[in-house]
Every structure is written in C-alpha cells, then in structure tokens.
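Counting in my numbering, the final residue of the sequence shown is number 1115, and the numbers go up one at a time with none missing. Virtual Cβ for every residue (Gly too), placed ideally from N, Cα, C.
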Amino acid sequence: MSDIQIDAVAFERRLARLFDHYDKHKDTLYENSTVFQIFMGGVNEDEKSEYVLHKLLLLWLIGYEFTETIVSFEPKTRTVHFFTSPKKVKILQGLPNPSDKIKIMEKDKKRTSSDFFASLSLGAHTVIGVIEGEKHTGALYKDYADTLKKHKTVDIKVAFLDLLASKEAEEVQIIKPSCQYTSKLFKKIVTDMEGIIDEGKEITHIDFAKKIEGVVTRAAGDMDLSLAFNPIIQSGGGYNLKLDFNDGNVKSDDHILKFDNIILMFGLRYKSYCSFVARTYFIDASREKEMDYEILYSVYDFLVKKKIRVGATLDSIYISAREFLRKKKPELVPYFSSKVGFGIGLQPCSSTLEIAEGNNTEITNNMTFVLQLGLENVPEPNNPPYTMYIADTIVVSTDDYVNEKNAVKDVEFHEECQILTRVKIEYSQVSYSIQDEDEVEEVEPEDIDEKFGQRQKRGAAIASGLVRGSNEATDSSVITEEERRKRQLALLQKKREEYAGNEGSSSTSARKKKQSIDEKFANGDLFSYKGVVPKNIALPSNQIVVDKRNHTVLLPINGAHVPFHIASIKNVSKTDEGEYVHLRINFNNTKQNFGKVYEPAKKFKDHVFIKEVSYRAKDSKRLESAMREILELRKQIGQEERDREFNEKNKEVEQPKLKLVSKGQKAPRLADIFMRPPGKKQVGVIEAHENGLRFSSNKGAKIDIMYSNIKHAFFQEAKNDIIVLIHFHLKHPVMIGKKSYQDVQFFTEVIEEFDHLVGRHRRQAVSEREAIEEEERERLLKIKLNKEFASFVKKVEEKSGIEFEIPFRNLEFSGVPSTGRSNVNLVPTVNCLVSLSESPFFVLTMDEVEIAHFERIKFGLKNFDLVFIMKDLTTYYTITSIPIEKLESIKDWLTDSNVLYFEGAQSLKWGPILKTIREEPNWDPYGEAGWNSFLMMSGEEAETDEEEGEHEDEYEPSSGEEEQEDDEEDEEMYIDSDDDEDDDFSAEEEEDAPTWEELENEAMEEDAQKRARDADISDDEEDYHKPKKNKKKK
C-alpha cells in the first residue's frame, strides 16, 4: 500500500470533469441532488462481479480500489471529502491541494460515519445522490447505511454511467492494446477449435471455456491482463444472445460441442478496461446460411461506414440497421437482434448505451462500443433453426491516434468509426467443410510433423472455401455455371454498394493523386526554358537541334529556332518520296484517342495548337539523325520516369537491427540450404531469432529478414517437386549484394542431396531392383526433408506469429506469367497465387486484385489467357497459355476468393485502357460507364455483331498507320506499359530463332552425347567399390 501513488494530474482533471458533468445534468441525471457520494465497502471474497459501479468510479478517479471508504462531493464549492483508513489517508495526502478543495478525515475506532457527515455542509433540505441497488459488506457499511437513512437520497446511477461513457484520449489508448491482446488470443482460440474439429474430439462447452482460461492465464504472465467475462461457447441449438456480460455467473453450459454453427464470445480486461469480440463459425453450412451471413455482414459494414458517427442517436442507428436488413431480405427482420450494440469500457457491457430502439442517447467523441449483430433461431427447411452472431469493439472518434506510440497498428479506419478488434469476419474466412476428408488430405504435406500437418489442414479448410473448392473441382454438380453467375452478380452489387459508400474506391482516390505528364505540362511543371534559349546551345541554321539536358527539341521555323518540350511531341515518322526525305513531327492536339481531350487544351481553351510540322531535305542523314535523337530523348525521359516510380515503389526501408536469441538459448535453424536470388545459389544456415531470420552463407555473408517486413510466407513441400522450400514475399525490398529483392527463398534440392548420400552421380538403373531401391531412398529423403522444414516453419510461427501458407495442389494450373517467359505451374494459397519452384518467382496478392479478365475464350482454342487488374489501376499481370480444361476450376476459385471476373474473345491492350481510366476524373468502375461498359461477365453474350464492333472500336484503335503509331507513342510517352520493350524482345528472339533443321541436328547431337555419358557411367560403376591404383609413368 505504501508504494501506491495517485496520478495527481489525472485526478485533478477527472474531478473537474465530474463537477462539470454535474453542472450540465443537475436537473436531469443528478435528480437535483446537492451532494453525491461514493461508498466502497469491505472485500467480499464471494462477490462474483468485478463491475460494481462504486468500485469502477474509484478506479476511474484515483486509479485504485479503496475499500472501507466514503467519498462525498460538494458541487457548489467543488470540494471532495474522503473518509478512510490511516494508510489510505497517507496516500491521499500526497495529492496537491493548493485551494484546500480536498478534505480528508481519518477513520478510527472513535470516529464513525456520523462524525464524517457532521463535517459536511449538510442542511435540512440537502438531497444526497447515491448509487442504489449494490450490495456491500463490512462494519462501516452498516454504520453508513444507518446514517444515510436520516437524509433524503436519490439514485444517480445513470448519471455516473453517462459520465464514464465518453472516454478520454488516455483511456482510448488503453482500450486499443486491450483489443489487440483480445484479437491475438482469439486467433489462438480459433486455432484450438480447428484442432478439435479436425480431430473430431468430444469436449463440452464449459471444458473448452476452461481451456481458454488457461490460455489467458499463461499469456498474461505479470501483465495486468485478465478475462473480462467467462468465455462463452455455444453450438448445437439452444443459442442465447441476450447475455449480461457484467454478471460473473454467466458462463458456458455443459453441452457437447457440436460441429454445426459454433459461436465464440471472448473478451479481455487490460488495466481495468475491457474489450470484446465474437464470431460464428460454420461447418458444412448450407447455401442459405451463407447468403444470410453475407446479408448480416453487409448490415455490419453499412453501420460502420455510414451510420455510426459522433452526434448520431443510438435509436437511429438501430432503426437504420433494421431497415437496411428489410431491404435486403425482409423475412429475416423478425429474427434480427433487439440491439446492435452496447457501451464498453470499465464494464464489458453498459446498459445505458445499448444501441437499441428507444434509446435517444447521442454519441459523443471517444465513446467505445461493442457493435454486435445477430440472427436468432432462423428456421431452415428440413434442419433445426440456426443462429449467427458477430461482434467487434469499436471507438467513435474524430481524433486520430494512428501516430501515437501505443496505437494499434492494424486498426481499420472508417472515418469516425474505428474497428479495434481485428479478427477475420468474411464468410470465406469463417466457414469449414469436413465432409470429404480424402480431398482435404490431398491438399496437405505428406508425412510431415503431425501437429503442423493438422494446423495446415485447418488452414486449407479456411482458405476462401478452398475445401469446398476441392469438391467443386471434381464434381461439377456442386456449383453450376448459373449459381456461379449469381454469386458473381451478387459480388458486383456488393462492390457497387461499397464504392458508393466510400464515395469512390481507394484505387480511385490513389489514381487522382498521380498527375499524368500531360497534366504536369498543362500546369507548368514541365517546361523547356525559364527564359530565352541559353546562348551556350549551338543553333546551326535550318537544322533540328535536340537539347537532351532540358528535354527540348528546337525546330527551325521562319529562320528562328523554336523550342518544343518533348512532352508536347506525340510521334515522329520518316518517309521517302523520290529524291527527298520527309520528316513529320506530330504534336499532341485537342483531339486524342478514346475521346479524351488534351490536358493543355482544357486549360488554354482560346489557344490554337499545332497539329504537325514537316521538313523536307535531300540529305537524309540529318533528318535521320534528328529523328533518332528525338526518339532517344523520348525513351530517356520514359526510362527516367520508370526508374523514379520503381525506386519509389521499391525503396529500401531501413530495417530494425536483428535481436539475437539470448545466450544459452538455441535458435531454430536449418543447415545446408540454398538461398535465391541472386543468380548463383548460396549454401548456408538460416536461423530464427527474436525479431527476424538470419541467413549465414558459407562465404561469410549475412542476410537478415525482419518478421515485421514479411508480407507473405510460404512453405512448399517436396511432393511432386525436386525441392522443398520456404519463401518470403517482403513488404519492402532488402539489399542482397548490390541489388534489392522483394522475394527471398530458401530450399534444398532432394535429388542432388540423394546423389550426395549415395556417393555417385545419378544414373540410369541397370536393373529393376536398383530402380526400386533408388525410388525408395528418394521417397524417404523427401519425407525427412519435409519434416525438417515443417518443424522449422512451426517454430518460426510460434516465435514470430507469422502464418505460413501452403499451396493447394488440387487447384494447380500451368501458364506463362508476365514476370517470366516460360511455362510454369501456378498454385493458389490462402491469400495469393504463386509460382515458387522456378525463378523469376510470381507472387500475386489476391486482396490487391480489383478484377480478373479471361481472354481468348473461343470455341476450339486449347488455351486462354487471364489478366489480373490491380486496385491501383496501373499495374496488371497477365498469365497466358492456360489449358482450357482449367477454366471452370479457376472460375470457381476466383468466385470463392471474392474476385469479380469478366471474359471475352479478344486480348485487350490494357496499357492504354488503364491509362484512359486513370485520366478520367470521375470514372465509376461499377457504374454504367465502368467495367461493364466494355467487358462482359461470364454467361453474357454480345447482342449483335455491331455492338461488339462498337466495343472493339472503343478500346481497339483501327489498324491505320497513324493511329497505331499514336497508341505506341502514347504508351511510351506516358509510361503506362512496357509493350515496346516486349515487342523488341520478341522481334529479336524471332530473328535469332533456329530453323527446324538446326533444331533437329542439335537434338541428334545431344542424344549422341548422352549415350556417351551413359557408357562412361557404366564403366565407372564397375570400379565403384574398387580402390584406385596409381599409374606408373612410362
């Protein structure tokens, strides 16, 4: 007790706030009381609830629970009186009291509560405000209750609850870490639940809750962290969503956990402030349940993004939620929860802040709530009624805490409403399928660590419906084309609502910030010279001069050199006519491709713009030299812009220093593994330390990868491959040698390792028995390496909190990604589409994809292409030469991953298309002029050939020489595509390509060399176990 020290600044601030609150609500909430009091009795070991209001008020005011204490407040004089024990008096005397506004009376055997009341300024008409209905213990309470009966009292419990409703900034900064701890432990609980489901264990709700209590106790350690209420687990019917979480007697029942709809409710209390999260997990759910959950989630999203704001009444929020649900599916309204939230803070549940009909309380700044939505006992044909429930802790604030030291980094900001508990909530992330174990087994690593295998199996079940997808891939009756089309249309409608709710997507706002070169030119950011042409530039008469330093072309016109910035030049062409050579320079004009208007022409409407300038000469060398220099200058500024954007995007971020494991501890490690890139394989050891990984090569090089810099981590076992690997896709590149890399991989080649073990080169088996023995040794080696890598991955996960993703081989397909030029196998994971076996690697984050477009979908073609348009509307990735047999399974996967896709018979030029989109200031991607205006959804057909022609005309310029040149020059000028570079590569490759005869001769030569090698190997084998003899020199 002697070590206790009250925060004097906080005490003074909160005492003033208390009196200000009284002045504001004296006639209403405080019932015209002239004095109000808080009483804290003795310690009651049998007391079930930690949320007695007297106790919470003392915690809020002085930070501690002072038992056997009376606190009396006199608003008129703004004075506070304490009546407590001698030890507590010493603590209170440490408070600054310059104005003598703090009165302290020491309680002893002679002084009673009557003496304390006698010291107060109580008159005959004094009305004392107290908190009624709470039980107390101790001798002082009996004396206090008897004394209180002599005065008129009123219940002001509601006033104190209203006082605690709006939080100070310091309180919010405590609630945020509380939510962070809740989110992290909730994920651990979900992992344990997945293990129970996967193993088919039988456990009661109450036993599962006790396991959760043990998890919290171990995690808390010495921290001021505990359960806010007993964990609630419900399943198998008999759901109850009307629980009082302040009641310590509320707990899970003793029914067996059923694998149907499982509701988990969980909350922690950190430094006296509570947090809350709840989810429903669906096992083998029907399509009807999935649709209803999507609707419930859309109500949740609607409230967060549009309705929960400072100044809104709680009544209006509930009514808006109910009416939104009515529009979506009116038959669900009778089963909708009677409230969509409640206040949270020092109590897990504040009854005065229920977001329910009839509660006219207005939201004020820094109020914290639990946003909860539920559907209870919804009837389902041929099945028992079902219930679903979701809840998150939110803060409604106009303040920005994102830069505060204690702010939770992954808080999701939606204007004033901030979601503090970050737990997966979308249906694809909370649904499981356990009906077909065989299909699930095929997804998992073979013969690896049992516990890790179980965790990965559960990861497969969660992966955006991929367990369902495994069934769908083999049984076309599971999801029909019509059902897939309906889901795509529903996804399109959802994206329209999200776009309208956000008043423009994030990609739209991002692209508006980026100025095109035309806009920079129009705004005067690009110019040739500030004044006249510098005198140090030589200007030969009647010659075109290219000033590369100032990005300017000086054209001779009427005897004078006129400067033109390279950004104003559209393209350059040269033609030969008899003995003359003509050079034509086309300028950007008021008319542009795709109906655009040239940006400078918008700003300077009264100006006349030159369309072209032509020059004629007999000497072709001068004009050819001028044309070459102009094109080189265009490429130069294009490359400079590309380099600038690349450097900004791939700028190396300063990483924290690696914190090595403590002395005496052994860091998890993998030895004798290779790393790539760079090009040459480096062998060494990788170790997992406190905050990152370190790879130490056998040449002494050290490369550190921080856990905080890992965006995605993958583990791919050697199943049908010759390597087992772990791969890290980083948020920011790291320097390896003199280059920066965003993908780093560590692997072991199984076949090479096998050759090393047997001590000879791998060769053709001379007998069937030897072939079988080699295959068996290779199989055992694969199992051994898979286990070693899996064990390392599991330890890294435990140390870092990173979740490794395993590729789902049943969804694998081949194709040629735009990052490479060879056919590779591409495999979906939980969050990505990857190709990791060969370099260059391909990692595509599906959350960053705006839409997908299937191209070359024509009857009779054996392959098609797939284009992913990213949300920045600048980047796109193309995968070509995908077998047509994989079309349906890829569509199923994209649908389950909530990716909107379109399809068409033609390959589109996405460089100029996206450039046009970015330059359209008010382009709505999901409106009438959006994606649907030139792309077709699956199942749609062009009404007439004429209509198809219109779409092609809109985005496919005619094959005329001028327009084709314009497109190519536009792309080069605005740096939106690397098509020119690709074309150069293809032309060069085609020019150097060998003939069929040369290829055949080369193949015959390789066969002859192979036969010679095999003969040498057979000769070597005879002497394999014989000691070599030294040859004598003749």
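- Only exposed fits G295, as fewer than 16 other CB atoms lie within 10 angstroms of its CB.
- Bounds of the alpha helix (DSSP H) holding I998 are W991 to E1000.
- Secondary structure at C430: coil, using DSSP grouped into helix, strand and coil.
- Closest in C-alpha terms to P312, from the list V815, F289, G424 and D303, comes F289.
- Within the same chain, Cβ atoms closer than 8 Å to the Cβ of E283 are found at I337 and L338, the five residues on either side in sequence being excluded.
- DSSP places P460 within a strand segment (E or B) once states are collapsed to three.
- Annotated three-state conformation of F645 is strand, per DSSP.
- Here N463 is exposed: its Cβ has fewer than 16 other Cβ atoms, across all protein chains shown, within 10 Å.
- Secondary structure at I256: helix, using DSSP grouped into helix, strand and coil.
- In the same chain as T234, and ignoring 5 residues on each side of it, the C-beta atoms closer than 7 Å to its own belong to I209 and V211, in chain order.
- Taking a cut-off of 8 Å for Cβ pairs, the segment 210-224 and the segment 314-321 do not touch, as fewer than three such pairs fall below it.
- Note that the C-beta distance between G901 and L947 is not below 9 Å.
- Taking a C-beta distance under 9 Å as the contact criterion, E798 and F870 qualify as a contact pair.
- In chain order, H286 and I287 place their CB closer than 7 Å to the CB of D334, counting only its own chain and leaving out the 5 sequence neighbours on each side.
- Setting aside the 5 residues that flank it on each side, Y111 is surrounded in the same chain by Y103, G210, I237 and A240, each with a C-beta closer than 6 Å to its C-beta; the list follows chain order.
- Ranked by Cα distance from P167, the first of F147, T160 and P415 is F147.
- Annotated three-state conformation of L229 is helix, per DSSP.
- When Cβ pairs closer than 8 Å are counted between the two stretches, the segment 876-891 is seen to touch the segment 792-809, the count reaching three or more.
- Here V874 carries a helix assignment [DSSP, helix/strand/coil].
- Y788: not part of any alpha helix (DSSP H); DSSP gives it neither H nor E.
- Membership of K655 in the beta strand (DSSP E) is indicated by the continuous run I650 to E658.
- Around the beta carbon of G214, a 10 Å sphere encloses fewer than 16 other beta carbons of the protein chains shown; the residue is thus reported as exposed.
- Counting C-beta atoms within 10 angstroms of its own C-beta, I853 has fewer than 16 neighbours from the protein chains shown and is therefore classed as exposed.
- DSSP places I887 outside both helix and strand once states are collapsed to three, so it counts as coil.
- The alpha-carbon separation between T361 and N904 amounts to approximately 42 Å.
- K820 has its alpha-carbon roughly 21 Å from the corresponding atom of S789.
- Secondary structure note for E929: it is in no beta strand (DSSP E), with a DSSP letter that is neither H nor E.
- Shortest Cα-Cα distance from H808 to any of T910, Y580, G745 and A748 involves T910.
- In chain order, V116, S153, E155 and H162 place their CB closer than 8 Å to the CB of L201, counting only its own chain and leaving out the 5 sequence neighbours on each side.
- Inter-residue distance for V764 and D785 is about 15 Å (C-alpha atoms, whole angstroms).
- For L349, the three-state secondary structure derived from DSSP is strand.
- Between the segment 442-451 and the segment 388-404 there are three or more C-beta pairs closer than 8 Å, enough to call the two in contact.
- The secondary-structure analysis by DSSP pairs E830 across a beta bridge with I804.
- Residue F347 holds the alpha-carbon nearest to the alpha-carbon of K292 among Q261, F347, V331 and N342.
- Proximity to D373 across I436, P466 and F326 peaks at P466, based on C-alpha coordinates.
- Secondary structure of P411 (DSSP, three-state): helix.
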